[in-house]
Amino acid sequence: MSKLDYTDPTLDFYNFNDEAHICKGFTIQTISNYPIIEKDGVKHRDGDPVADAYGFYRCRNFLIYSVNDGCGWGVEPSYVARVASATFVLFMKNELEKDVFRTTEEIQELCRIGLALAHQTIIQLELPEGKIGGTCTTCCGVIVPIIDNEELKKKGISSNQFEGVHQEGSKVQQEVKEYFKSITLKSKVLEKYQLIGLSVGDCKTFFIKNKQNEWITEDLTYGSRLHAIGSNDPGGRIGIQGTNKRMDIRNAMIYHKILNWNDIIMVCSDGIHDNLEPQTRGFSPNEVQPELGDVKWFKLKKEQLEEINRSYSLKFISEVASHAVSVHQFHKMMMDAIIGVIVDRKKYMEDHPDSAVPNVLTGKLDHATLLLARPTF
Numbered sequence: 010m011s012k013l014d015y016t017d018p019t020l021d022f023y024n025f026n027d028e029a030h031i032c033k034g035f036t037i038q039t040i041s042n043y044p045i046i047e048k049d050g051v052k053h054r055d056g057d058p059v060a061d062a063y064g065f066y067r068c069r070n071f072l073i074y075s076v077n078d079g080c081g082w083g084v085e086p087s088y089v090a091r092v093a094s095a096t097f098v099l100f101m102k103n104e105l106e107k108d109v110f111r112t113t114e115e116i117q118e119l120c121r122i123g124l125a126l127a128h129q130t131i132i133q134l135e136l137p138e139g140k141i142g143g144t145c146t147t148c149c150g151v152i153v154p155i156i157d158n159e160e161l162k163k164k165g166i167s168s169n170q171f172e173g174v175h176q177e178g179s180k181v182q183q184e185v186k187e188y189f190k191s192i193t194l195k196s197k198v199l200e201k202y203q204l205i206g207l208s209v210g211d212c213k214t215f216f217i218k219n220k221q222n223e224w225i226t227e228d229l230t231y232g233s234r235l236h237a238i239g240s241n242d243p244g245g246r247i248g249i250q251g252t253n254k255r256m257d258i259r260n261a262m263i264y265h266k267i268l269n270w271n272d273i274i275m276v277c278s279d280g281i282h283d284n285l286e287p288q289t290r291g292f293s294p295n296e297v298q299p300e301l302g303d304v305k306w307f308k309l310k311k312e313q314l315e316e317i318n319r320s321y322s323l324k325f326i327s328e329v330a331s332h333a334v335s336v337h338q339f340h341k342m343m344m345d346a347i348i349g350v351i352v353d354r355k356k357y358m359e360d361h362p363d364s365a366v367p368n369v370l371t372g373k374l375d376h377a378t379l380l381l382a383r384p385t386f
């Protein structure tokens, strides 16, 4: 990890409004796509309180984030998601403010500790009598600047010397500090960053790379649902399930990616990525892959369905990215694409609250959180 710049700090947590939080090279937003139903003259929105939550700490050249989706409806999952996001972000903020150089492995370990602390905080929550704690899924992590190994080699600093960077006054620490002083404003465009992330459950992280004006998207959390047991199982979660206080880490993943200044990281809850899948958007299998013939979606194997969803959603995200001139426009275009696919279903439910929804209406109604970040904060 390179030197962190604490200029222009912003620390924020989701506060129950639908507005996007916008900073330079960064956006995050949580919305509810559920209908507003009127009953006995009183209007209420299904799914309230919103179960998604986020937290982030953003400075000039680094970001700490946590996106969480409470499992189910009600006060408990909503509260748990907010507690988890705040706990992780505040823990990582405290650790990174110690201002020591860290390796990728050390930051990975901090992410694990931060997640474990979030889980432990949830199970120790004091709730009203008769209530039990809830659970949530999560994608959390950091984007930090990194030291260019090639530049260090030119200065005679090898990787096996790197542990000496923690020793105050050591030769290697002084050489690294001098390296930072030599970085000009122009060369900051060439500076590299690293995403170090961790996920449990079915929130997703996408890496969107700009390579010679071609956008290529990668799902860093691919396969998180392959071993899920039924449609209501996210594959993993933190918090309390009944009397079970153990963390469910069946599909836990930790990942890292090197980023250039114009690459983008997208983190979202399933209210976003489920609505990027072809079946949810109203397509048949042969419209997506003609070689499948007239097969129905329910006839496909789980692995086959996961691959079709991955391929389609990655192309969709790349296509949207190619038409956006900024992270902020990219965010709006993605949100418009999600809202557009559910609008008819939502309106039908509002107009016909006691009727079954016709199968021809597309989209999945859910709470939805979208984070987009470019390293040049």
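Going left to right, the sequence shown walks through residues 10 to 386 as my numbering numbers them. We put the beta carbon where it would ideally sit given N, CA and C, even for glycine.
Inter-residue spacing [alpha-carbon to alpha-carbon] between Met-342 and Asp-283: 16 Å
Touching by the beta-carbon criterion (3+ pairs, under 8 Å), the segment 61–73 and the segment 303–323: Segments in contact, no.
Buried or exposed (CB count within 10 angstroms, at least 16 for buried), Phe-339: Phe-339 comes out buried.
Residue nearest to Gly-81 in terms of C-alpha spacing, selected from Phe-100, His-236, Ile-263 and Asp-279: Asp-279
Exposure label - Leu-229; buried when at least 16 CB within 10 Å: Buried, by the Cβ-count rule.
Whole-angstrom distance between Leu-268 and Val-276, CA atom to CA atom: So the two alpha carbons sit approximately 15 Å from each other.
Whole-angstrom distance between Asp-257 and Ile-9, CA atom to CA atom: Lying before the first or after the last residue shown, residue 9 is absent from the chain, which here runs from 10 to 386.
Sub-9 Å separation of Thr-378 and Tyr-88 beta-carbons: no
Beta-carbon proximity of Thr-214 to Gly-150, cut-off 9 Å: yes
Stretch pair the segment 26–41 + the segment 362–381: three plus CB contacts closer than 8 Å: yes
Under the three-state DSSP convention, the category Ala-261 falls into: coil
Beta-ladder partner(s) of Lys-52, from DSSP: Glu-47
Complete runs of the beta strand (DSSP E) confined to the segment 317–357 [at least 3 residues]: Whole beta strand (DSSP E) segments, 3+ residues: zero.
For Asn-295, three-class secondary structure by DSSP: Asn-295 falls in the helix class under three-state DSSP.
Where Gly-248 falls: helix, strand or coil (DSSP): strand
Beta-bridge partners of Ile-31, as assigned by DSSP: According to DSSP, Ile-31 shares a beta bridge with Thr-36.
For His-376, the residue or residues it bridges with in DSSP: Ser-41
Pairwise C-alpha distance: His-53 and Arg-319: 35 Å
Local Cβ density within 10 Å of Ala-255, reported as buried at 16 or more and exposed below that: At residue 255 the sequence reads Arg, which differs from the Ala that was named. That one is exposed.
Separation of Gly-34 from Thr-385, as counted between CA atoms: 6 Å
The segment 199–210 in contact with the segment 237–247 per 3-pair CB rule at 8 Å: yes
Buried versus exposed, by CB contacts within 10 Å (16 or more), Gln-288: buried
The segment 321–336 in contact with the segment 215–227 per 3-pair CB rule at 8 Å: Yes, since at least three Cβ pairs between the segment 321–336 and the segment 215–227 fall closer than 8 Å, the two stretches touch.
Pick from Lys-48, Lys-107, Ile-152 and Gly-251 that is closest to Gly-143, judged by C-alpha positions: The shortest Cα separation from Gly-143 among Lys-48, Lys-107, Ile-152 and Gly-251 belongs to Gly-251.
Which of helix, strand or coil DSSP assigns to Met-10: coil
Exposure of Thr-36, with buried meaning 16 or more beta-carbon neighbours within 10 Å: buried
Reduced DSSP secondary structure (H/G/I, E/B, other) of Val-109: coil
Stretch-stretch touch, CB-based, cutoff 8 Å, three pairs: the segment 95–108 with the segment 294–308: Contact fails: fewer than three Cβ-Cβ distances are below 8 Å.
Endpoints, beta strand (DSSP E) assigned at Gly-64: 61–67
Between the CA atoms of Leu-235 and His-30 - distance to the nearest angstrom: 33 Å
Residue environment, Gln-117, which counts as buried when at least 16 other CB atoms sit within 10 Å: Gln-117 is buried by the Cβ-count criterion.
Range covered by the alpha helix (DSSP H) that runs through Asp-279: Note, Asp-279: alpha helix (DSSP H), 279–282.
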